[in-house]
Amino acid sequence: MYNFEFSKPSTIAEAVAALGQEEAQALGGGQTLLPTMKQRLAQTETLVSLNGIAEMQGVCVNDAGQVCIGGATTHATVAREAAAHYPGLASLAGRIGDPAVRNRGTIGGSLGNNDPSACYPAAALGAGATILTNTREIAADDFFDGMFTTALNEGEIITEVKFPVPQASNYQKFVQPASRFALVGVFVCKFSDGVRVAVTGASADGVFRWSEAEAALSSDFSKGAVDGLSAPSGDMISDLHGTAEYRAHLVKVMTGRAAAAAS
Amino acid sequence: MPKDSGIGASSKRREDVRFLTGQGRYTDDINLLGQAYVHFLRSDVAHGVLKNVDTSAAAAMPGVVRIFTGADFEGVGGVPCGWQVTDKHGEPMQEPAHPILAQGKVRYVGDAIAAVVADSPEQARDAAEAIMLDIDELPAVVDMKAAVQDGATKVHDDLTSNLCYDWGFVEENKPAVDAAFEAAAHVTTLELVNNRLSPNPMEPRVAVGDYATGTDDSTLYTTSQNPHVIRLLMGAFVLGIPEHKLRVVAPDVGGGFGSKIFHYVEEAFVTFAAKQVKRPVKWTSSRSEAFITDAHGRDHVTKIELALDADNNFTGIRTETYANMGAYLSTFAPSIPTWLHGTLMAGNYKTPNIYVNVKAVFTNTVPVDAYRGAGRPEATFQLERVVDKAARELGVDPIELRRQNFITEFPYATPVAVEYDTGDYEGTMTKLLEMIDRDGFEARRAESAANGKLRGMGVNCYIEACGIAPSALVGQLGARAGLYESATVRVNATGGLVVMTGSHSHGQGHETSFAQVVADMIGIPEDQVEIVHGDTANTPMGMGTYGSRSIAVGGSAMVRATEKIIAKAKKIAAHLMEAAEGDIELKDGAFSVAGTDKSVAWGDVTLAAYVPHNYPLEEIEPGLEETAFYDPNNFTYPAGAYACEVEIDPDTGKVEIMSFAAADDFGNVINPMIVEGQVHGGLAQGIGQALLENVSYDENGQLLSASYMDYTMPRADDVPMFKVDHSSATPCTHNPLGVKGCGEAGAIGSPPSVVNAVVDALQRAGHTDVTHIDMPLTPARVWSAMQN
Amino acid sequence: MTQVSMTVNGRAVSGDVEGRTLLSEFLREGQRMTGTHVGCDTSQCGACVVHVNGEAVKSCTALALDLEGAEVKTIEGMANADGSLGVIQQAFQDHHGLQCGFCTPGMVMSAAALLKDNPKPSEQEVREYLEGNICRCTGYHNIVKAIMAASGQDVSAIAAE
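In order, the protein sequences belong to chains W, P and Y.
By numbering that gives the first Met the number 0, the letter at position 19 of the first sequence is numbered 18, and the numbering carries on one by one without gaps.
By numbering that gives the first Met the number 0, the letter at position 616 of the second sequence is numbered 615, and the numbering carries on one by one without gaps.
By numbering that gives the first Met the number 0, the letter at position 18 of the third sequence is numbered 17, and the numbering carries on one by one without gaps.
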């Protein structure tokens, strides 16, 4: 790792100030960033840990019934504390990485990184979550901008994520066997006004909504509803672990399974 | 009742206490006063001409002690190859030089170009990044068959081609084999790939070089399975250091599986550099570095044909294999696809005519050498797959076809140059069938089908040649070293023993099982016996631990040394009891005179040996310490029968192992708990090969599976609880313990039954065109096979 | 260099570290506690797992400075007060849950974290929990068995196979 100055502010305001310096980078749980830095594929002058900011921690339910998660909340905490309010989300969080990774990795870190195979982007996009930063609120539909790219500006921090709670939801994760990231992950949420389907792992453009499946499931929320659809086209990833054709097929299978498990 | 100590007891492992409390001493735990750190600048292109290495800017970086390049090693030897193979025309293999740091060319991604020695690891890495390289990239040689075409780019310009050797075995058999195929009633042909693997012991390699200016002594601490072999190869062939001025220490080693047999350039480098910079020099591999520097395993492309007569008797086997050597010849590399592969092609069957052809090929990839099983998994896989395919083509039961062709009389001389001393293949198959409830399979299949899953069962047999030795034989086969083993038994005055063994334990539990043997022979508690290994300074010359050889060869050496101890102790006891030596009996740690009530305790005899006040000095010397070297007259031949049941999710292609059973014949067993643990670990590696693991290069020679993000290691939820049994045992006839070795069996025997089971499931589900899928049987590959 | 202080196995320790110093480096090099091992550089093998404030964490993927004031427990702190093996350690020895010993520290620490949350895990739960701990020697059979035995469950049926 290249060396850096380390700072650990205790408020959002201090963190924003620290990140305003030249070449400063925020550190969430570090479960992706630190391995990347160890490979010397990333470097920074100052690393600003967000792990000491009490106001970015924890899970609660607001007056609108949304599950609100502090940006520095670990996956393990979400898996534990969101379970009663939003089991589909808690279950997804409980399948990210492995237990030790879940004890460090944070929702803000994951969403900000937008790894094309990460689970949380599917949760946020599938649920139609709102991402709160130190300056604004961003709808999930406007947040993800292709792999490893988001709407976040330089120095902008994800302070909280608000998830509307659906009537039913389910996440199906078909793992890439080595990394155990999603080879294909599909998060299906059934709301009173329709179904949202978000797909991760499959596309070179990162997480996306499969609108044909959303339409089909909105009129018939069952496994069979997606049977007749052709698998999504688009820029499917082809690599060691599966061809584009295989991934597209898995998207359909996992979507059907998610609908079946949720309904 | 199971025994509670000695031979045959599941004694708990004494080494566990230090490992479980964080007190193990692995090589990376060693930090010498004033040590510097080396970072190797490695090629990131597979093939290129190294035009210039400019270290001037890097040399001025903070903390840099010295930067070495290939030029520093021009007068230094290269890493030698320990085995020479003679080709089918009687010519020696082509053998390129393997320099410590690249000279003139880089030949694989990972080839070391320069080495920066600095005060800290990060400073060394910083400076390595500042080295300016000028490399003219050349086309990468990756595909083996293309590599041996006329006009192919050459990995080594000074060789005539990329063909290391074209080996025919047994060349004289070929006409008879061809005739058998002419006369066959049925021929089954199978083309397959034995996938390239990365051994991945959990401890990455580490090497620490130290040099004492006052005495001119060099010491190397290294993660090795065989410190004496490293001392011999590095001292004699690379650095020119006589063995008495070179000490090699392999302390606690975190697994090897073959990959820590070989002498690597990093070991020679740190030993050389420590003397140059007059400071200890340490190298610790990262896992990423391990993927591009640790020797890989397997990587064969094979066509096998099986000829049968009208009664389904096997009449001939003919194979053609391309075996990848990588860019250089690693220590044992040429022997793996030849003597450890061709000699096993008879398997468990009495096939009279066998011909094996192997073309070993240089490519711009990491060197390929032994990985757990080493040649024998490749032989077993192709044979057991083609037999299964033949049974399907002929519409006969695959187990019955095997049984019909089993070798049943021993000793049995195969047409591929080895003689099986003993075995009972029917016995292990019968045991296997008791373990797997074959009759209940249909019901289980129906239950799987009701859950939307496809179930299949696969069975296979295996034979392996273990206890890798006899020196005379391996010498004829091209080994450049002997393969005996050694032990010194030192009895202390108060009766405790230290056994110094040339074998090395890196997970096998020798400190426990070896002590069981000696304690049992003398009749004293196991805790009176200490096993010392891993340091050339205090152990006799030994060839190390690999090839399931430690108990069969090293254990036998220890038995021979202990027999000498007992013989001498009996002389002392006879003197003490004023009896005839021939009347002395040793039982339960006491010597007695046959037919009398006279006895003397073990401790009294050992004390007399060191306090020889009343001692037959005119007949024997004081002291009680003996050394034995043991060189057997044959390999050992463990064998067995394995069965696997799988479920396939037809929507995703994902294969799940539902059960796995292994019935092995290891001969006598010293510690059943340890033996079963060895089988479990081997099975997981074999299942890993069959379903998960694959080293993958692209056409430019870039390694695609370069970390655990892309190389799939078996995890706990990838494997089931295993059913293992070793009760069907035919003791080895030629070593004193009757043992055969168990370290590699699981990895050798398991891949075919997994693949057989998957093909069985698909066939039963109507995918009758799927007769083979190449390993690893990933979900994507299985799904793809089902689409055709 | 910045000073960092934490409690390791009940003992207050401190040392000067760089920003980039990992917890695993602080333990192994700074404190000369080499029981915690490093087997990969992508946060997957789990040989480096320790407990931070009671939770399993990969010490190769946490910065020492980010853990100022933390309570850290390592394999060196898992034995009983009298030096005898703790329950999980003893089960690993009894059931041959280790071979080369390299992954073992992480396995024991993960097992302890699992049993704290789930005192009687099923075989499947143990296997799933160990997703982040790779062992190359044992095939996991005896690790799973040892952890279930450490939880007080009868593993004789497994032993009979």
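Glycine residues also receive a C-beta, built at the ideal position from the N, C-alpha and C atoms.
Just so you know, these numbers come straight off a predicted model, no measurement behind them.
Counting only beta-carbon atoms, is serine 706 of chain P nearer than 8 Å to chain Y?
-> yes
With 8 Å as the threshold, decide whether the Cβ of aspartate 15 of chain Y is near any Cβ in chain W.
-> no
Using a C-beta cutoff of 8 Å, does lysine 37 of chain W count as contacting chain Y?
-> yes
Hey, is aspartate 368 of chain P close to the ligand FMN, as in C-beta under 7 Å from one of its heavy atoms?
-> Here there are no bound small molecules, and the ligand FMN is not part of this structure.
Drop a sphere of 10 angstroms on the beta-carbon of glycine 89 of chain P, count the other beta-carbons inside from all chains shown, and report buried for 16 or more, exposed for fewer.
-> exposed
Since glutamine 701 of chain P and alanine 45 of chain P are thought to touch, with beta carbons under 8 Å apart, how far apart are those beta carbons, to the nearest angstrom?
-> 7 Å
So, is the C-beta of aspartate 153 of chain Y closer than 8 Å to a C-beta in chain P?
-> no
When P:Gly69, P:Thr544, P:Arg454, P:Asp27 are compared against serine 502 of chain P, the one with the closest alpha-carbon | P:Thr544
List the DSSP bridge partners of arginine 65 of chain P.
-> P:Val116
Does the distance from the CB of methionine 499 of chain P to the CB of valine 531 of chain P come in under 8 Å?
-> yes
Pairwise C-alpha distance: valine 723 of chain P and leucine 431 of chain P | 9 Å
Cut-off 6 Å between Cβ atoms - residues of its own chain near alanine 92 of chain W, not counting five sequence neighbours on either side = His74, Val77, Ala78
Option in P:Gln515, P:Leu400, P:Asn363, P:Asp251 with minimal Cα separation from isoleucine 669 of chain P = P:Gln515
For the stretch 690-719 of chain P, which residues have a beta carbon sitting closer than 7 Å to at least one beta carbon of chain Y?
-> Ser706, Tyr707, Met708, Met712, Arg714, Ala715, Asp716, Val718
Find out if the Cβ-Cβ distance for the pair aspartate 298 of chain P, arginine 195 of chain P is shorter than 8 Å.
-> yes
Measure from the alpha carbon of threonine 33 of chain Y to the alpha carbon of each residue in Y:Ser4, Y:Gly105, Y:Gly85, Y:Pro118, then state which is nearest.
-> Y:Gly105
Alpha-carbon spacing of leucine 88 of chain W relative to phenylalanine 173 of chain W, whole angstroms | 16 Å
For phenylalanine 290 of chain P, which option in P:Gln34, P:Met712, P:Ala779 has the closest C-alpha, if you only look at C-alpha atoms?
-> P:Met712
Presumed contact (8 Å Cβ cut-off) between lysine 259 of chain P and tyrosine 36 of chain P, rounded CB distance = About 21 Å; that fails the 8 Å criterion.
For the beta strand (DSSP E) holding methionine 131 of chain P, just list the boundary residues, first then last.
-> 131-136
Measuring only between beta-carbons, confirm whether asparagine 347 of chain P sits less than 8 Å from chain Y.
-> no
From alanine 12 of chain Y to leucine 18 of chain W, what distance separates their C-alpha atoms?
-> With the sequence shown as reference, residue 12 of chain Y is identified as valine, and alanine is not the correct amino acid for it. Cα-Cα distance, rounded: 30 Å.
Cβ-based burial, glutamate 698 of chain P [other Cβ within 10 Å; buried from 16] = exposed
Candidates P:Ile647, P:Ala705, P:Asn613: which alpha carbon is nearest alanine 449 of chain P's?
-> P:Ile647
Considering only the beta carbon of each residue, do histidine 505 of chain P and valine 252 of chain P sit closer than 8 Å?
-> yes
Would you mind telling me which residues of chain P sit closer than 7 Å to alanine 247 of chain W, beta carbon to beta carbon, in chain order?
-> Going along chain P, no residue has its Cβ under 7 Å from alanine 247 of chain W, so there is no contact; the nearest lies around 12 Å.
Is methionine 774 of chain P close to chain Y, meaning its C-beta is less than 8 Å from at least one C-beta of that chain?
-> no
Stretch-stretch touch, CB-based, cutoff 8 Å, three pairs: the stretch 616-624 of chain P with the stretch 745-759 of chain P | no
According to a CB-to-CB cut-off of less than 8 Å, which residues of the stretch 358-381 of chain P neighbour chain W?
-> none
Alanine 8 of chain P to leucine 691 of chain P, Cα distance in whole Å?
-> 35 Å
By a C-beta neighbour count over all protein chains shown, 10 Å radius and 16 as the cutoff for buried, is histidine 725 of chain P buried or exposed?
-> buried
Alpha carbon to alpha carbon, what distance is there between histidine 262 of chain P and isoleucine 303 of chain P?
-> 33 Å
Exposed unless 16 or more other CB atoms sit within 10 angstroms - verdict on glutamate 75 of chain Y | buried
Near valine 115 of chain P, what residues of its chain come up, given a Cβ to Cβ distance below 6 Å and the 5 sequence neighbours on each side ignored?
-> His38, Ile66, Ala123, Ala126, Ala127
Just reading off the alpha helix (DSSP H) that lysine 251 of chain W is part of, what are its end residues?
-> 243-261
Terminal residues of the beta strand (DSSP E) in which lysine 189 of chain W lies | 181-190
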